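Asks: Just dropping this structure here.
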Amino acid sequence: MNKKFLSAVLFGALMVSSTGTFVSCKDYDDDIDRIDNTLNDLKSQIAALQTEVANGNWVTSVTPTEGGFTVVFKDGKTYTIVNGKDGEKGDKGEDGKGTEVAVKDGYWYIDGEKTDYLAVTSEDLKEVKVPYISEEDGYWYFYNDKGEAEKSPYKAIGAAYAVNAGGVFTLYMPDANGVMQTIKLPTAASLISGINILDGSTKPTTQDQALSIKYWVHSNASADWAGPRGKIAAKSILYSAKAGDADICFNLDPSNVDATEMSFALINSQDGVAPLELVSPADYKELITRRSATYNNGIFTTGIGEGSKIFTYSNDESDFTSQLLKTSGNVIFALTPNVDGANVRSPYQIKVNTTKNPSATLTHIIITGVDNNANSYDWSSSLSTSGGSATIKVGVEAPVTAKEPYNLYDLYMTVTDAAKDKFGLLIDNEKRTIIATKSPDDLTDATFDLTVKVMDNAGQQYSKVVTVTVNRTMGESAYDKQEKPLTKLTDTFAVPAEPLFTSLAGKANDWKESVDLSKTKFELLQKNSAGDLVAATEGNSSFYGILDVANTVAPNGQANGHVAFLTSDNKIATPATLANIRFSFNIPTATVNAPVKIGKEYYIRLTFKSKEASSVVLNTITVPFELSKPELNSILVKESGVFVDGNNLAHAYMNAVDAKWATGIISSTSRYYIDRAFTNMYENLKKVGDYSFDIVTNDDPSKPSSYYAVTNTVVKTATVQPDYAVRSYVELKNVDDNGDGIKDGYKRDLNVKFTGHYLAVQDDSYKYGETYQFRVMSPILEGEAMAANNVVEVSATGKTKIYREDIWAKTYNNDVKYDIFKNNSSWSRADIATVKFATGNVNVFQMVVDTPTNQVITGGKVTTDSYIEVEGVSENTAKLKVAITDIWNYTLNSSVDIKTTLNTGK
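The sequence shown runs -23 to -1, 1 to 883 under mature numbering (1 follows the signal peptide of the UniProt record, and there is no 0).
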């Protein structure tokens, strides 16, 4: 058969294959259910796909299924789209099967079998032409280098097919009338509008980024090799890079496109692709320490990777190096999606530096197993010495590699059949892992010899025998999370032993016979960013005797120490009587001791060991726990009569009792004591230990801090809070810029911040912080004077005395009525300094007595009550002015109506 020349440009990445495929699908009569949604006709199927695209979704895969395709979108939604027209099963043509057509190595493959059809580039073609299935005869037609369709000898099966070109899937589906319908479905690659290269600090850069790789030239084949990669073939170049030496950091526009779903390549300005395979992009995991307006998120890394890759040359090594380096200097590449027809690439700013045939030293074998405390651990065994040991755990996969993976070509492992049977060993040399699925029936650990053979990138072979210990564990138990409200620095919590016994799966009695509780290992752990349990970075000083279990007896006969194994009545337990496990801790207050944090999840892991040998681990339990502190509103409990609006604004009315600083001394300072706003504040604050109330800096201009001060001071008082010498208060400064006789801080919302540490532990997680507003006011100034029946009638022609039943006042609280006349010689309220009356119109009435008189008391009885006196001038109504001055020098200027009438007098 003559070779048929096809366009490689057309067939670079077709269907769901890294090499590119066409797929023809068999039709059949039965209904096909969509995986997530069932659609009964092609029109609704296509509409559903178009809706996903319109909503910004993109396709991650298109897979052939009988009668159509299964389409998977990035958010996991899955659709099965089926032909609308029944198809006939095609007959097999000459040398053809027609189920799957793929491009690989420049040739077309039919169902995995290589054909004589070549895929080549034709400069004469002006547009992309793809193969198609003829509706007339059902055969595949391909385009030759002249752009002419040629009938192939391969008859397709069915009528539906799909093409993936330029990052877009195009589905061709016949409807019920046999008319071909098409729908274009974008992949992630087709949505990229820009690729930005970033420097090592994730900052956009215009500087060239250098990739440093090592390569080894093998003109001849290596010695025979039984590893999964086989021996190194002649005319091979192995290349690799040490971690960090050949990494590319980049982000995409738009930033929501996930680069981890696609592959990338390096491309030069002549559209030549570098002979380097880049690893799949990964999310950038390092901490970003800066921000830039030029990108948002979605930072990725790709590069050469540490595992060696193979380039096969035809002539000599220049087939490889000439694509990276010219006589004039390094070739500069751009980063582009590895998709045929991709039309987006980064700026040209990536170059590759090479080192030929460097040392490929392999020094150690690394086995990631477990240590005697059940921690994940890399066991290192030198290749240059005999012996070596490692420990693996039953049921846990243990990766095996070399210390220098960038110098490693291949590795494989072998064990004896006896060891394989004894431990149920499963070796996966492709993945380079080993796992023991069973252990001997006894409780002691057992060992086997693991032979590890390695070949470095220079072709040198090594062999190492490692003694591997199979660490038998009888069980692992993960407890439910323990929520512990912290009430004191020295505290405890306990868990039942029952889950431990349950995890032993019927071997609890064996465990009780074998365990030595005093050898139990205690670890305080936390999860790292990858979700793995690692040693806690703080909190160890919070537990007693961290390294050993102090299972001793306290004077009261109870268990002592940070871990105690207890009976059901909380006495020291033996393994046979174990009912509860108690954890005790003592939180240090000093920051330097790094206490267990509030609101952070920790894990206590107990590793139980055999009484025969401390190296023998029987089992583990893991107990997650989290400490909590009381909510601040349970400590600073707001008085409902003060915080009347339900928010943090305190209507802070000053109290006359607080002004009595000493016997016979009353202060006129405008001061509100903060404990008046909270119930039992000082008693509750004993739980906090240290606290302060402070002015909030950078205050709003409408609430300037120059108007007030917040102080924790020693206040001498014989009547209020005698048990507490220190009281916090808000004090208005003597500032009256507008000259109205009222301090400028009066009745303003003054910001006061409370800070404190629960139990005085100097750690931010124990810290409280809340800002309150205090509106300092006088209860008298915020009230008014009142008259009985809203008016007081007096004589228009004579004198009239006015008594307390005629006029009184009320505070800001309408329910609080008070006298403004004298009781004996004193005022009815301790916060009244003076009361004075005045006429509002001398032509209606005049004042005879303008200050309430003292009561006259004879024989213990009031014979003359306190009064004021007015004299009528004319018949009319006028205001009687009332001025009540309080002890803080604020004056309430109020008034009541006086009506002068004939024949009225008192």
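Even for Gly, the Cβ is constructed at its ideal location relative to N, Cα and C.
Since the model is a prediction, treat every value here as computed from it, not as a measurement.
Which whole-angstrom value is the C-beta distance of Trp488 and Leu595, which I expect to be below 8 Å?
Replies: Here residue 488 is taken as the residue at index 511 of the sequence shown, counted from 1. Here residue 595 is taken as the residue at index 618 of the sequence shown, counted from 1. That belief holds up - the Cβ atoms of Trp488 and Leu595 are roughly 6 Å apart, short of 8 Å.
Asks: Rounded to the nearest angstrom, what separates Leu427 and Ser561 at their Cα positions?
Replies: Reading the sequence shown from its first residue, position 450 is the one you call residue 427. Reading the sequence shown from its first residue, position 584 is the one you call residue 561. In a straight line, the C-alpha of Leu427 is about 43 Å away from that of Ser561.
Asks: Just to confirm the assignment, what range does the alpha helix (DSSP H) spanning Asn661 have?
Replies: Sequence index remark: in the sequence shown, residue 661 carries index 684 (1-based). Residues 658 to 661.
Asks: Taking DSSP's pairing of strands, which residues face His628 in a bridge?
Replies: As a working note, residue 628 is residue 651 in the sequence shown. Answer is Arg752, bridged to His628.
Asks: Tell me which same chain residues have a C-beta within less than 7 Å of the C-beta of Val793, skipping the five on either side of it?
Replies: By one-based count along the sequence shown, residue 793 stands at place 816. Lys787, listed in sequence order.
Asks: Mind the definition here: the stretch 800 to 808 touches the stretch 624 to 638 only if three or more C-beta pairs lie below 8 Å; say whether that holds.
Replies: The stretch 800 to 808 is in contact with the stretch 624 to 638.
Asks: What did DSSP end up calling Phe297 once you bin it into helix, strand or coil?
Replies: In the sequence shown, counting from the first residue as 1, residue 297 sits at position 320. Correct three-state label for Phe297: helix.
Asks: What does the Cβ neighbour count give for Lys720, buried or exposed, with the cut at 16 atoms within 10 Å?
Replies: By one-based count along the sequence shown, residue 720 stands at place 743. Lys720 comes out buried.
Asks: So the alpha helix (DSSP H) Asp863 belongs to, where does it begin and stop?
Replies: Here residue 863 corresponds to residue number 886 of the sequence shown, with the count starting at 1. Not the alpha helix (DSSP H): Asp863 falls in the beta strand (DSSP E), residues 854 to 863.
Asks: Using beta-carbon positions only, say whether Leu454 and Leu477 come within less than 7 Å of one another.
Replies: For the purposes of this step, residue 454 is taken as residue 477 along the sequence shown, with counting starting at 1. For the purposes of this step, residue 477 is taken as residue 500 along the sequence shown, with counting starting at 1. Per the sequence presented here, residue 454 reads as Ser, with Leu not at that position. Yes, the pair counts as a contact, with Cβ atoms nearer than the cut-off.
Asks: Suppose you measure from the CA of Leu869 to the CA of His734; what does that come to, to the nearest Å?
Replies: Numbered from 1 along the sequence shown, position 892 holds the residue referred to as residue 869. Numbered from 1 along the sequence shown, position 757 holds the residue referred to as residue 734. Distance between the alpha carbons of Leu869 and His734: 42 Å.
Asks: Quick check on this structure: which residue in Val39, Thr40, Thr446, Lys54 has the alpha carbon closest to the alpha carbon of Ala25?
Replies: Counting from one through the sequence shown, the residue named residue 25 turns up at place 48. Checked all of Val39, Thr40, Thr446, Lys54; the closest Cα to Ala25 is Lys54.
Asks: Just the C-alpha distance for Asp741 and Lys51, rounded to the nearest angstrom, thanks.
Replies: As a first step, residue 741 must be located in the sequence shown, where it is residue number 764. As a first step, residue 51 must be located in the sequence shown, where it is residue number 74. Those two C-alpha atoms are separated by around 41 Å.
Asks: In the stretch 184 to 263, which residue ranges form an unbroken beta strand (DSSP E) of at least 3 residues, counting only runs that do not cross its ends?
Replies: Listed in chain order, the complete beta strand (DSSP E) runs (minimum 3 residues) inside the stretch 184 to 263 are 186 to 195, 213 to 217, 224 to 230, 241 to 244.
Asks: Which of the three DSSP states is assigned to Ala455 in this structure?
Replies: Here residue 455 refers to the residue found at position 478 when the sequence shown is read from its first residue. Ala455: strand per DSSP, three-state reduction.
Asks: According to DSSP, is Trp488 part of a helix, a strand, or is it coil?
Replies: By one-based count along the sequence shown, residue 488 stands at place 511. The answer is helix: DSSP assigns Trp488 an H, G or I state.
Asks: Given this structure, state the Cα-to-Cα distance separating Val194 from Ile581, to the nearest angstrom.
Replies: Start at 1 with the first residue of the sequence shown, and residue 194 comes out as number 217. Start at 1 with the first residue of the sequence shown, and residue 581 comes out as number 604. Rounded to the nearest angstrom, the two C-alpha atoms are 53 Å apart.
Asks: What are the start and end residues of each continuous beta strand (DSSP E) run of 3 or more residues lying completely inside the stretch 772 to 826, in chain order?
Replies: Within the stretch 772 to 826, the complete beta strand (DSSP E) runs of at least 3 residues are 776 to 779, 784 to 787, 809 to 816, 822 to 826.
Asks: Rounded to the nearest angstrom, what separates Ala512 and Ile598 at their Cα positions?
Replies: Within the sequence shown, residue 512 is the residue found at index 535, counting from 1. Within the sequence shown, residue 598 is the residue found at index 621, counting from 1. In a straight line, the C-alpha of Ala512 is about 15 Å away from that of Ile598.
Asks: Output needed for Thr289: all residues of its chain with C-beta closer than 8 Å, excluding positions within five of it in sequence on either side, in chain order.
Replies: By 1-based counting over the sequence shown, the position of residue 289 is 312. Hits under 8 Å: Ala210, Lys212, Ser213, Ile214.
Asks: Quick check: the Cα distance between residue 884 and Lys415, rounded to an integer number of angstroms?
Replies: The question about residue 884 has no answer, for the chain in this structure spans -23 to 883.
Asks: Could you tell me which of Lys606, Ala474, Pro572, Asn517 sits nearest to Ala553, measuring between CA atoms?
Replies: Start at 1 with the first residue of the sequence shown, and residue 553 comes out as number 576. With distances taken between Cα atoms, Ala553 lies closest to Ala474.
Asks: Buried or exposed for Trp865, going by 16 or more other Cβ atoms inside 10 Å?
Replies: For the purposes of this step, residue 865 is taken as residue 888 along the sequence shown, with counting starting at 1. Buried is the call here.
Asks: Helix, strand or coil for Pro462 per DSSP?
Replies: In the sequence shown, the residue the question calls residue 462 occupies position 485. In the structure shown, Pro462 sits in a strand (DSSP, three-state: E or B).
Asks: Which runs of the alpha helix (DSSP H) spanning at least 4 residues fall entirely within the stretch 465 to 520, listed in chain order?
Replies: Listed in chain order, the complete alpha helix (DSSP H) runs (minimum 4 residues) inside the stretch 465 to 520 are 475 to 480, 485 to 491.
Asks: Which two residues bound the contiguous beta strand (DSSP E) that contains Ser869?
Replies: Taking the sequence shown and counting its residues from 1, one reaches residue 869 at position 892. Contrary to the premise, residue 869 reads as Leu rather than Ser in this sequence. Unbroken beta strand (DSSP E) run through Leu869: 868 to 878.
Asks: Per DSSP, what kind of secondary structure is Tyr386 in: helix, strand or coil?
Replies: Reading the sequence shown from its first residue, position 409 is the one you call residue 386. Strand, per DSSP.
Asks: Looking at the secondary structure, which residues open and close the alpha helix (DSSP H) in which Lys399 lies?
Replies: Translated into the one-based positions of the sequence shown, residue 399 becomes position 422. From DSSP, the alpha helix (DSSP H) with Lys399 extends over 394 to 400.
Asks: What are the boundary residues of the beta strand (DSSP E) that includes Leu583?
Replies: The residue you call residue 583 lines up with position 606 of the sequence shown. Element bounds for Leu583: 579 to 586.
Asks: Can you tell me whether Asp457 is buried or exposed? The criterion is at least 16 other CB atoms within 10 Å of its CB, across all chains shown.
Replies: The count along the sequence shown starts at 1 and reaches residue 457 at position 480. Flag for Asp457 reads exposed.
Asks: Taking 7 Å as the limit between beta carbons, can you name the residues of its chain near Ala773, skipping five residues before and five after?
Replies: In the sequence shown, counting from the first residue as 1, residue 773 sits at position 796. Taken in chain order, the residues that qualify are Gly849, Ser851, Glu852, Thr877, Thr878, Leu879.
Asks: I need the straight-line Cα distance from Ala395 to Ile411, nearest angstrom please.
Replies: Start at 1 with the first residue of the sequence shown, and residue 395 comes out as number 418. Start at 1 with the first residue of the sequence shown, and residue 411 comes out as number 434. For Ala395 and Ile411, the distance between alpha carbons rounds to 16 Å.
Asks: Determine the DSSP secondary structure at Ser38, reduced to helix, strand or coil.
Replies: Here the question's residue 38 lines up with position 61 in the sequence shown. Strand, per DSSP.
Asks: By the DSSP assignment, the alpha helix (DSSP H) with Ala166 in it spans what residues?
Replies: Residue numbering aside, residue 166 sits at position 189 when the sequence shown is read from its first letter. 165 to 168 is the span of the alpha helix (DSSP H), which, as asked, contains Ala166.
Asks: Pull up the distance between the alpha-carbon of Val697 and that of Asp635, whole angstroms please.
Replies: As a first step, residue 697 is located in the sequence shown; it is residue number 720 there, counting from the start. As a first step, residue 635 is located in the sequence shown; it is residue number 658 there, counting from the start. Unreliable placement is indicated for Val697, whose pLDDT of 42 sits below 50; the coordinate value is still reported in the next sentence. Rounded to the nearest angstrom, the two C-alpha atoms are 7 Å apart.
Asks: With C-beta atoms as the reference, is Ile369 less than 7 Å away from Val429?
Replies: For the purposes of this step, residue 369 is taken as residue 392 along the sequence shown, with counting starting at 1. For the purposes of this step, residue 429 is taken as residue 452 along the sequence shown, with counting starting at 1. Not a contact, by the Cβ cut-off of 7 Å.
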